[in-house]
Amino acid sequence: MEIGLAVGGAFLSSALNVLFNRLAPKGELFKISEMEIGLAVGGAILSSALNVLFDRLAPNGDLLKMFKRDKCDVRLLKKLRMTLLGLQAVLSDAENKQTSNPYVSQWLNELRDAVDSAENLIEEVNYEVLRLKVEGQCQNLGETSNPQVSHLSLSLSDEFFLNIKDKLEENIETLEELQKQIGCLDLKSCLDSGKQETRRPSTSVVDESDIFGRQSETEELVGRLLSVDANGRSLTVIPVVGMGGVGKTTLAKAVYNDEKVNDHFDLKAWFCVSEQYDAFRIAKGLLQEIGLQVDDNINQIQIKLKESLKRKKFLIVLDDVWNDQYNEWDDLRHLFVQGDLGSKIIVTTRKESVALMMGGGAMNVGILSNEVSWALFKRHSLENRDPEEHLELEEIGKKIAEKCKGLPLAIKTLAGMLRSKSTIEERKRILRSEIWELPDNGILPALMLSYNELPPHLKRCFSYCAIFSKDYQFYREQIIQLWIANGLVQKLQKDETVEELGN
Numbered sequence: 001m002e003i004g005l006a007v008g009g010a011f012l013s014s015a016l017n018v019l020f021n022r023l024a025p026k027g028e029l030f031k032i033s034e035m036e037i038g039l040a041v042g043g044a045i046l047s048s049a050l051n052v053l054f055d056r057l058a059p060n061g062d063l064l065k066m067f068k069r070d071k072c073d074v075r076l077l078k079k080l081r082m083t084l085l086g087l088q089a090v091l092s093d094a095e096n097k098q099t100s101n102p103y104v105s106q107w108l109n110e111l112r113d114a115v116d117s118a119e120n121l122i123e124e125v126n127y128e129v130l131r132l133k134v135e136g137q138c139q140n141l142g143e144t145s146n147p148q149v150s151h152l153s154l155s156l157s158d159e160f161f162l163n164i165k166d167k168l169e170e171n172i173e174t175l176e177e178l179q180k181q182i183g184c185l186d187l188k189s190c191l192d193s194g195k196q197e198t199r200r201p202s203t204s205v206v207d208e209s210d211i212f213g214r215q216s217e218t219e220e221l222v223g224r225l226l227s228v229d230a231n232g233r234s235l236t237v238i239p240v241v242g243m244g245g246v247g248k249t250t251l252a253k254a255v256y257n258d259e260k261v262n263d264h265f266d267l268k269a270w271f272c273v274s275e276q277y278d279a280f281r282i283a284k285g286l287l288q289e290i291g292l293q294v295d296d297n298i299n300q301i302q303i304k305l306k307e308s309l310k311r312k313k314f315l316i317v318l319d320d321v322w323n324d325q326y327n328e329w330d331d332l333r334h335l336f337v338q339g340d341l342g343s344k345i346i347v348t349t350r351k352e353s354v355a356l357m358m359g360g361g362a363m364n365v366g367i368l369s370n371e372v373s374w375a376l377f378k379r380h381s382l383e384n385r386d387p388e389e390h391l392e393l394e395e396i397g398k399k400i401a402e403k404c405k406g407l408p409l410a411i412k413t414l415a416g417m418l419r420s421k422s423t424i425e426e427r428k429r430i431l432r433s434e435i436w437e438l439p440d441n442g443i444l445p446a447l448m449l450s451y452n453e454l455p456p457h458l459k460r461c462f463s464y465c466a467i468f469s470k471d472y473q474f475y476r477e478q479i480i481q482l483w484i485a486n487g488l489v490q491k492l493q494k495d496e497t498v499e500e501l502g503n
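In UniProt numbering, the protein residues as written are 1 to 503.
Have a look at this one:
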């Protein structure tokens, strides 16, 4: 278990760091501290470990039957379970406070070690039973009226039980010391409510009501798409550059779906490139977007794409491009050169070097003004509320929107989270959070705040998703089964299946 936590924590920490880095401003990676990553990943792993322990310490579970040699042993296991339940109640609050309180961070580390020790003890008992079975000391198992209890009670030696009992008492003592520190650390109980409430590849679908403050950029980009290149080139590349979360993809979607643009081009296709730049994958994706059948023959795919675009005025959007190697871009670009005069390619990117490599005048997308930021925040946070309530919430909301630094993704994420928090105190708590003061406080604080506000069961599921590659296409049934297999979905009601809960 100890090695599993260490390796799993390191692996998921790296993965979750990548997940947050995808939204870093100015195309640079955030240097998220080990404390922040430990909060997200370590907490998820600890929660899962506790759930496994609760299953094994269930009142009618096998482990309790193992220890029914005398009442003292049974009481010991019950005491362990109750102590763990008390600690689990404050786990979510501890995770949230770890970022700004090193004492809470240390407390969580010690709790993780203690839970690890408890699970190791249980595994030690399971191993001993298995060893005795293999050695043939349980041959009379089928002859007893209650074989499970009988063989375990008779086969496990007094010496083994006493050794386990001593270790359990020591483990419980450690857990109780940690429980005593809860008040000093001001940790609050925050049990799962039981209510069940992915970065995905971009598509061309856009909600026009979500486009705030981009009228001039939209008009400029539409104008460039409809114009003929002054130098007579058949193909023009238009890079759209800006920091993560500033709205490049939303802008590209808006013009891609513009009525005048639709009428102007013979053919349109959208593909999310992301960090894994692969000319074969891009060509195959564009063919699928056009609606043609494809196979895995790279030569045939390239020929088919060239023929599909030949003598057609096309618009292609390559979203989220990171690769700035000219030779690799040139290998892809030659597939587009036979299009008709006026063909265009929009490339969205965070990297200025990508825009320079592709040539053409880049369009830089800036942050939103405070006024527009508040309009966007208000739409997602206060929509369908009683107008009389707005007066009490607007002042705090404007200050929170301002802290999002004009980044639409940060604004929408926080506003959506606050939509279910109707009290002024809840919003003041978000406004006063110390996470806003973390270094590199561009979009990261908003994401960390949103993560902190997730219920514990959703934090675990979110952290698990970080092991997948960027722009991985999630399938609902597949991810639900993976969550269940990893113990991340716990059945809370008798009339619900874990699949229904995961959904």
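C-beta atoms are modelled at their ideal positions from N, C-alpha and C, and glycine is treated no differently.
### Backbone secondary structure at phenylalanine 161 - three-state DSSP
Here DSSP, grouped into helix, strand and coil, assigns phenylalanine 161 to helix.
### Task
Compare the Cα-Cα distances from glutamate 128 to each of Gln98, Pro102, Ser105 and Phe160 and report the closest residue.
Of the candidates Gln98, Pro102, Ser105 and Phe160, the one whose C-alpha sits nearest the C-alpha of glutamate 128 is Phe160.
### Task
Look at threonine 83 and isoleucine 172 and say whether their C-beta atoms are less than 8 Å apart.
Contact: yes.
### Query
Nearest-angstrom Cα distance between methionine 243 and asparagine 120?
Straight-line measurement puts the Cα of asparagine 120 at about 46 Å from the Cα of methionine 243.
### Task
Mind checking which residues open and close the beta strand (DSSP E) that includes phenylalanine 265?
Where phenylalanine 265 is concerned, there is no enclosing beta strand (DSSP E), because DSSP gives it neither an H nor an E.
### Query
Quick one: is serine 469 buried, meaning 16 or more other Cβ sit within 10 Å of its Cβ, or exposed?
Per the 10 Å Cβ criterion, exposed.
### Message
What residue range does the beta strand (DSSP E) around isoleucine 346 cover?
### Response
Note, isoleucine 346: beta strand (DSSP E), 343 to 349.
### Query
Per DSSP, what kind of secondary structure is tryptophan 483 in: helix, strand or coil?
In this structure, tryptophan 483 counts as helix in the three-state DSSP scheme.
### Message
Using C-beta distances below 7 Å, list every residue in its chain close to cysteine 404, excluding the 5 sequence neighbours before and after it, in chain order.
### Response
Cβ neighbours of cysteine 404 beyond the five flanking positions: Ser373, Ala410, Ile411, Leu414 and Ala446.
### Task
May I ask you to report which of helix, strand or coil DSSP gives leucine 454?
If DSSP states are grouped into helix, strand and coil, leucine 454 belongs with coil.
### Message
Let me check one thing: in DSSP terms, what residues is tryptophan 270 bridge-paired to?
### Response
Beta-bridge analysis with DSSP links tryptophan 270 to Val317.
### Cβ-based neighbour list, glutamate 453, same chain, cut-off 6 Å, excluding 5 preceding and 5 following
Excluding the 5 residues flanking it on each side, glutamate 453 has same chain C-beta neighbours closer than 6 Å at Met417, in chain order.
### Task
Determine the extent of the alpha helix (DSSP H) in which threonine 218 is found, giving its start and end residues.
Unbroken alpha helix (DSSP H) run through threonine 218: 215 to 226.
#### Entry: Distance CB(alanine 114)-CB(serine 189) smaller than 8 Å
No. Outside cutoff.
### Query
With distances taken from CA atoms, which of Asn257, Asn297, Val134 and Ser274 is nearest valine 222?
Taking the Cα of valine 222 as reference, the smallest distance to any Cα among Asn257, Asn297, Val134 and Ser274 is reached at Asn257.
### Query
If you pair each beta-carbon of the stretch 264 to 273 with each one of the stretch 325 to 333, do three or more pairs fall below 8 Å?
These segments do not touch.
#### Entry: Counted within 10 angstroms of its Cβ, other Cβ atoms place histidine 334 as buried (16 or more) or exposed
Result: exposed.
### Message
Quick check on this structure: which residue in Cys272, Leu85 and Leu76 has the alpha carbon closest to the alpha carbon of asparagine 55?
### Response
According to the sequence provided, residue 55 is aspartate. The question's asparagine does not apply to it. Ranking Cys272, Leu85 and Leu76 by CA distance to the CA of aspartate 55 puts Leu85 first.
### Query
In the structure shown, what three-state DSSP assignment does asparagine 364 receive?
If DSSP states are grouped into helix, strand and coil, asparagine 364 belongs with the strands.
### Query
So is serine 157 in contact with chain D if we call contact Cβ pairs under 8 Å?
Among the protein chains of the structure shown there is no chain D, as only one such chain exists.
### Query
Distance, Cα to Cα, aspartate 349 vs serine 117?
Correcting the residue type first, residue 349 is threonine in the shown sequence and not aspartate. Approximately 48 Å between the Cα atoms of the pair.
### Cβ neighbours of aspartate 93 in the same chain (closer than 8 Å, five flanking residues each side left out)
Non-local beta-carbon contacts of aspartate 93 in its own chain, meaning distances under 8 Å to residues more than five positions away in sequence, involve Leu187, Lys188, Ser189 and Cys190 in chain order.
### Task
Using three-state DSSP, classify valine 125 as helix, strand or coil.
Valine 125: helix per DSSP, three-state reduction.
#### Entry: Cβ separation of leucine 315 and lysine 284, assumed to be a contact under 8 Å, to the nearest whole Å
A Cβ-Cβ separation of about 19 Å leaves leucine 315 out of contact with lysine 284 under the 8 Å criterion.
### Query
In angstroms, rounded to a whole number, what distance separates the CA positions of valine 228 and serine 343?
Answer to the nearest angstrom: the Cα atoms are 9 Å apart.
### Query
How far does the beta strand (DSSP E) with residue 546 in it reach, from first residue to last?
A question about residue 546 goes unanswered here, because the residues of the chain that appear run from 1 up to 503.
### Query
Distance, Cα to Cα, glutamate 124 vs leucine 80?
Roughly 16 Å separates the two Cα atoms.
### Message
Whole angstroms are fine: how far does the CA of tryptophan 483 sit from the CA of tyrosine 464?
### Response
Computed Cα separation, rounded: 8 Å.
### Task
Look at residue 536 and alanine 254 and say whether their C-beta atoms are less than 8 Å apart.
Past the edges of the chain, shown from 1 to 503, lies residue 536, and the structure says nothing about it.
### Task
Find out if the Cβ-Cβ distance for the pair lysine 304, aspartate 340 is shorter than 8 Å.
Contact: no.
#### Entry: Straight-line gap, tryptophan 107 to arginine 476 (C-alpha atoms, nearest Å)
When only Cα atoms are considered, tryptophan 107 and arginine 476 end up about 36 Å apart.
### Query
Pick from Val104, Asp158, Glu395 and Leu162: whose alpha carbon is nearest that of cysteine 184?
When only C-alpha atoms are compared, the closest one is Val104.
### Task
From the DSSP output, in three-state form, read off asparagine 171 for me.
It is helical.
### Message
I'd like the span of the alpha helix (DSSP H) that includes glutamine 288, first residue to last.
### Response
It spans 279 to 290 - the alpha helix (DSSP H) in which glutamine 288 sits, taken as one unbroken run.
### Simplified DSSP state of asparagine 323, which is helix, strand or coil
Looking at asparagine 323 - three-state DSSP - the assignment turns out to be coil, as it is neither helix nor strand.
### Query
Could you give the distance in angstroms between the alpha-carbon of methionine 448 and the alpha-carbon of lysine 398?
Each residue's CA atom was taken as its position, placing methionine 448 and lysine 398 some 19 Å apart.
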